[in-house]
Amino acid sequence: MSPSPPAALQTFGLCKDFRGFRAVDGVDLTVAEGSVHALVGPNGAGKTTLFNLLTGFLRPTAGRIEVAGSDITGLPPDRVARRGVARSFQITSLFDQLSAREHVELALASGGGLGWRFWRSDRLLGRHRAGALDLLDRVGLAGVEAALAGTLPYGRKRALELAIALALDPRVLLLDEPTAGMGAEDVERTVELVRQVRGGRTVVLVEHNMSVVADLADRVTVLQAGTVLVEGPYAEVRQDPRVVEAYLGSATTGGATDAAR
Amino acid sequence: MLSRRLGPLWLGLGLLAALALPWLVYPPVALDIACWALFAVALDLLLGFTGLLSFGHAAFWGSSAYATGLVAIHTGLPFPLAVLAGAVVAMALAVPIGWLSVRRTGIYFAMVTLAFAQTIYFVVNQWGSVTGGENGLQGVPRELGGVDLSDPFVFYYWALPIVLLGIAAAWRIVRSPFGRVLVAIRDNPARVRALGYPVERYEVLAIVLSAGLAGLAGGLFAVGHGFASLQEVYWTTSGKVVIMTVLGGIGTLWGPILGAILLVLLEDQLATAGFDGINLVTGLVFVLVVLLFRRGILGTVRHLLLRRRDRRVPDPEPGVEPASAPAVEPAR
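Sequence order for the protein chains is A and B.
Position one of the first sequence corresponds to residue 36 (our numbering), numbered consecutively onward.
Position one of the second sequence corresponds to residue 366 (our numbering), numbered consecutively onward.
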């Protein structure tokens, strides 16, 4: 690895304890600028905890997190977002009463301090209208911008999630199981969408579906019991005997569901 | 939205009712209604639009009542300026209280605000040389450049513009970019954080603004009664405003006004009838609302109207599903 450009996202000995239980245990993760990096592992491996540490939703017990070489350890989620790390959520995290466009406007407005203006009309958010429509168009939601998020079908909610995250113009895009709960056709569409809209951006995704990982990821980190089991390109990782045993092997009971999810 | 289209109509009727009020009820009661209505609207800013249950709003209402009274007594300023000073004191108080409270959520937030309010109560009670202690702060004048305000009927019309301004401010706030962020925080704080909004600071500002409006109401109340009593900073006052807001319907602005009207009238009727278990009755009202119609009166009405409209128009959003893009169904 050449030492010249700092990694887009890097962790050093990251640990997180929950009442004596160590969910993340000394994780060193290096996500190269412009790459797509997948975090995989069996349930309870610490993927979600790691994800929440990276986005500031949890404070690490020990260790350090850097974005493009600058320390973001311990910053609250809003500051992490401002530093260029945007995350998507799994379903049900949209505001049902807001339209698709209003979601994206709210995301676009977060940088400019517009949100503090309690003495102005909320129509002021309309200044981000063009930008919002453009983003919605990019994720294939042109024409449904006025629909309330609560009325959108599942796959479109996920697309809206993506548009919201992109609205923050992040350096690193963290996607939390972007294809969770989708049928095969929508999984394909989502993979295609992520590929299109990321536009060279660094992406970190937590993903259960191995075909998605195979399609999207440049590198894969396999977590087990809070530690990094293996890291490398997908083709290598999937043949690693430790991975086969720990992840794919143990999936004889749940492997089919993992693939189908 | 249904309510937005009918807005001007309701606004006209509301103004008419506000102007007619002292003809319909005993004028001091009319002033009580106006003050409590603004107080409940202020609470709704937090409870209905930010999702924060403050159980210590008496701290702001009461501290302003005392501050307004002290300013009026010691400076002889016109009463609107004294009330304004009281509101500023309440807002200043709301900064540290808010800052320390927003670290907790849900019931813990309610407990922390209650604890702060009780602290204020303790201070006001102990600081007898300034506040009059258990006797309250007596002799708050109604000063306004020589205008005779001794008649409660007249004073109501001088006080009403301040109440209306306060309610208008609340209306502006909930329909501002800031208000949009508040509602988003109410619905999903984690999501708002992820968008880069410092949620706690927004909540603190919401508390400060709410405290300012509660302060206007409390200050006017003190001027209207001519004194500020310990009751103003007691926890039952915090409870009463919560009951009004919930009774009328949180997150509606009109609801808390309705709740204030009903509860003040109910208490007045009971007091006139010589019944002394007023708190028992208001408590029962609260229990009934929470058990039977949690949305409150206006919230329930709106819900029923929306449901009827939805039944009449089966597809309210025809643009949701263009034919070119088939619906995506979850695999579950």
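Beta carbons: idealized from backbone N, C-alpha and C, even for Gly.
Worksheet item: If we ignore side chains and look at the alpha-carbon of each, how far apart do A/Leu203 and A/Gly147 end up?
Response: Distance between the alpha carbons of A/Leu203 and A/Gly147: 11 Å.
Practice prompt. Kindly indicate which residue of A/Arg224, A/Leu210, A/Arg206 has the alpha-carbon position closest to the one of A/Gly175.
Written response: Per the C-alpha coordinates, the member of A/Arg224, A/Leu210, A/Arg206 positioned closest to A/Gly175 is A/Arg224.
Fill in: Nonlocal neighbours in the same chain, by C-beta distance under 7 Å from A/Leu159, ignoring five residues either side
Cβ within range, chain order: Leu149, Arg152.
Discussion item. In the DSSP output, which residue or residues are listed as bridge partners for B/Phe592?
Written reply: DSSP output for B/Phe592 lists no bridge partner at all.
Fill in: Boundaries (first-last residue) of the alpha helix (DSSP H) holding B/Asp552
It spans 542 to 552 - the alpha helix (DSSP H) in which B/Asp552 sits, taken as one unbroken run.
Worksheet item: Residues bridged to A/Lys51 by DSSP?
Response: A/Lys51 pairs with A/Val59.
Worksheet entry | Alpha-carbon spacing of A/Pro111 relative to B/Trp536, whole angstroms | Spanning the two alpha carbons is a distance of roughly 31 Å.
Item to complete: Look at the alpha carbon of B/Gly427 and the alpha carbon of B/Arg469, and state the distance between them as a whole number of angstroms.
Response: Between B/Gly427 and B/Arg469, the C-alpha separation is close to 23 Å.
Practice prompt. Name the one or two DSSP bridge partners that A/Gln45 has.
Written response: Note: A/Gln45 sits in a beta bridge opposite A/Thr65, A/Glu101.
Discussion item. By alpha-carbon positions, which one of B/Glu568, B/Leu530, B/Gly504 ends up nearest to B/Phe543?
Written reply: If we check each option's Cα against that of B/Phe543, B/Glu568 comes out closest.
Discussion item. Please list, in chain order, the chain B residues whose beta carbon lies closer than 8 Å to that of A/Arg99.
Written reply: Result: empty, since nearest Cβ-Cβ is about 21 Å, beyond 8 Å.
Worksheet item: Got a sec, what are the start and stop residues for the beta strand (DSSP E) A/Thr262 sits in?
Response: Annotation: the continuous beta strand (DSSP E) that includes A/Thr262 extends over 262 to 267.
Discussion item. If I follow the unbroken alpha helix (DSSP H) through A/Leu258, where does it start and stop?
Written reply: For A/Leu258, no alpha helix (DSSP H) segment is defined; the enclosing uninterrupted segment is the beta strand (DSSP E) at 254 to 259.
Worksheet item: Can you tell me whether DSSP reads B/Arg659 as helix, strand or coil?
Response: DSSP places B/Arg659 in coil when its eight states are reduced to three.
Item to complete: Quick one: give me the first and last residue of the alpha helix (DSSP H) that B/Asp409 is part of.
Response: Counting along the chain, B/Asp409 sits inside the alpha helix (DSSP H) bounded by residues 392 to 412.
Worksheet item: Going by C-alpha distance, which of A/Arg230, A/Leu209, A/Arg193 is nearest A/Ala215?
Response: Shortest Cα-Cα distance from A/Ala215 to any of A/Arg230, A/Leu209, A/Arg193 involves A/Arg193.
Item to complete: Please compile the residues from chain A whose C-beta is within a distance smaller than 7 Å of the C-beta of B/Gly538.
Response: Strictly speaking, residue 538 of chain B in this sequence is Ile, with Gly absent from that position. Neighbours of B/Ile538 on chain A, chain order: Phe153.
Worksheet item: Can you list the residues of chain A that B/Val488 reaches, using a CB-CB cut of under 8 Å?
Response: Neighbours of B/Val488 on chain A: none; closest Cβ ~30 Å, over 8 Å.
Item to complete: Measure the CB-CB distance between B/Val505 and B/Ile615 and report whether it falls below 8 Å.
Response: Annotated as distal: B/Val505 and B/Ile615, with beta-carbon spacing of 8 Å or more.
Discussion item. Under DSSP, the alpha helix (DSSP H) around A/Ala73 begins and ends at which residues?
Written reply: Taken as a continuous stretch (DSSP letters only), A/Ala73 belongs to no alpha helix (DSSP H), being part of the beta strand (DSSP E) at 71 to 75.
Fill in: C-beta contact flag for B/Leu628 and B/Leu612 at 8 Å
Result yes, Cβ atoms of B/Leu628 and B/Leu612 sit closer than 8 Å.
Item to complete: Give the secondary structure of A/Val139 by DSSP, where H, G and I count as helix, E and B as strand, and everything else as coil.
Response: DSSP, read as helix, strand or coil, puts A/Val139 in helix.
Discussion item. Can you tell me whether A/Glu280 is buried or exposed? The criterion is at least 16 other CB atoms within 10 Å of its CB, across all chains shown.
Written reply: Under a 10 Å Cβ-count criterion, A/Glu280 is classified as exposed, with fewer than 16 other Cβ atoms of the shown protein chains found around its own Cβ.
Discussion item. Tell me which residue opens and which closes the alpha helix (DSSP H) that A/Val238 is part of.
Written reply: That residue, A/Val238, is in no alpha helix (DSSP H); its beta strand (DSSP E) goes 237 to 241.
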